[in-house]
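Numbering (this note's numbering), first residue to last: 39 to 353.
Note that the Cβ used here is the ideal one computed from N, Cα and C, for glycine as well.
Notes for the one structure printed next.
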Amino acid sequence: MNNDHIRNAYDAMSPSELAKARMLRNISAAVPTAHKARAARPKLLLVAAVVAAMFALAATAYAADWFGLRDALLFTKPETTQNGLAAGDYISLQGKENSPEWQAAAEWQAFLQSYDTDGSILASVGNKPTGFEGKYNAYICYTQEMADEIDRICEKYSLKLLEGFKEPATEDEFFSLAGTGVIYAPSGNNFVNTVYQGFVYADGSFRFDGDAAITGTDLKQPVSYQFIRSMKGSFSTALLNVGSIDDYTQWQHTTPNGIELLMCTSASKQLIIADLGKSYVVINLLRTPGDTEVAPLSRETMEAFADIFDFSVIP
């Protein structure tokens, strides 16, 4: 095992109760406190009006899931280190905070950030077989300590290991192994969607990549993307650097089949997220930060792109 294995593993890749609590804390912090009883009635009326207005705003935010992307935040890396992860906010591709899958991913990242920090153990392993390639093939695992930590986390959160990796030869085989209906078509009234060979785990977690060209929009060239589905109840360690979450505009989009999507866009990255019944889906629209030839998709184009997929057939 070498550093390429680690890089490849990382590349695989209504708000929660905590978000609601955060929203209420922000409201409470913004409401002034009455100091004297003799002026209490006018002040209380003013406070009541402020609270009502803030709760109305909060209710709108709640409905639009404005906190959605931050709910998936695992950690922030302030600076890039040699042979390490780049600086930025890293989100989970498994689910929102407080979910067992998110908590498990967070604990694993905390472990990695304090284990083999100088890379000496990995260097001693080199390219030799480790004995962990079978059971822990879906994970960064090259020592018994790492295997023990993976097992501990799975037991703590009642999660299953990812196993049964397959690369289906046809789209029908892919959908069958994933346990879904037909998620995408190669073309439609206003699009052409070229999908490349993906992979599926035994639990239905999968990823496929593609390029989509959409007519009738401001999209002047095909957009490349990664479509990632993580099954709830399984332990996945995939994460994604999204730059600064504060730079994103977010809104909800309802697909023609009635599925609510969280749309996230910044100058450097765009994401589409669906928190479904049995799984969590993230579409990562691929752009190179600072690439002036590939501008961010407009809101209308992002929604048109999302609508070429049928999220209703993904449990």
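query, result
"Cα-Cα separation between Leu150 and Ser196, rounded to whole angstroms", "21 Å"
"Ser274 vs Ala143 beta-carbon contact at 8 Å", "yes"
"Where the beta strand (DSSP E) through Gly248 begins and ends", "Phe244 to Ile252"
"Residue environment, Arg267, which counts as buried when at least 16 other CB atoms sit within 10 Å", "buried"
"Asn228 beta carbon less than 8 Å from that of Thr253", "yes"
"Three-state class that DSSP yields for Ser317 in the structure shown", "strand"
"Helix, strand or coil at Cys192 according to DSSP, with G and I counted as helix", "helix"
"The segment 282-295 / the segment 208-218 touching (three or more Cβ pairs under 8 Å)", "no"
"Where Tyr174 sits in the DSSP three-state scheme", "coil"
"Same chain, Cβ closer than 6 Å to Ala176, five either side skipped, listed in chain order", "Leu200"
"Coil, strand or helix - Gln132 by DSSP", "coil"
"Assumed close pair Tyr263, Asn322 - CB separation to whole angstroms, cut-off 8 Å", "6 Å"
"Buried or exposed (CB count within 10 angstroms, at least 16 for buried), Phe203", "exposed"
"For Glu298, the nearest candidate out of Ser306, Ile310, Ala305 and Ser304 (CA to CA)", "Ile310"
"Inter-residue CB distance, Ser272 and Asp241 (contact presumed, cutoff 8 Å)", "5 Å"
"Beta-carbon gap between Phe349 and Ala312 smaller than 8 Å", "yes"
"Beta-bridge pairing of Thr293 - partner residues as DSSP gives them", "Thr293 pairs with nothing; no bridge assigned."
"C-alpha gap between Val319 and Lys270, whole angstroms", "11 Å"
"For Val238 and Glu212, believed in contact at Cβ under 8 Å, the rounded distance", "Residue identity check: residue 212 is Phe in the sequence provided, not Glu. Going by Cβ atoms, the distance from Phe212 to Val238 rounds to 6 Å, so yes, they are a contact pair."
"Own chain residues within Cβ distance below 7 Å of Ser304, not counting five before or after", "Gly281, Asp285 and Tyr286"
"Nearest to Leu257 (by Cα), restricted to the options Thr232, Gly126, Tyr180 and Glu338", "Glu338"
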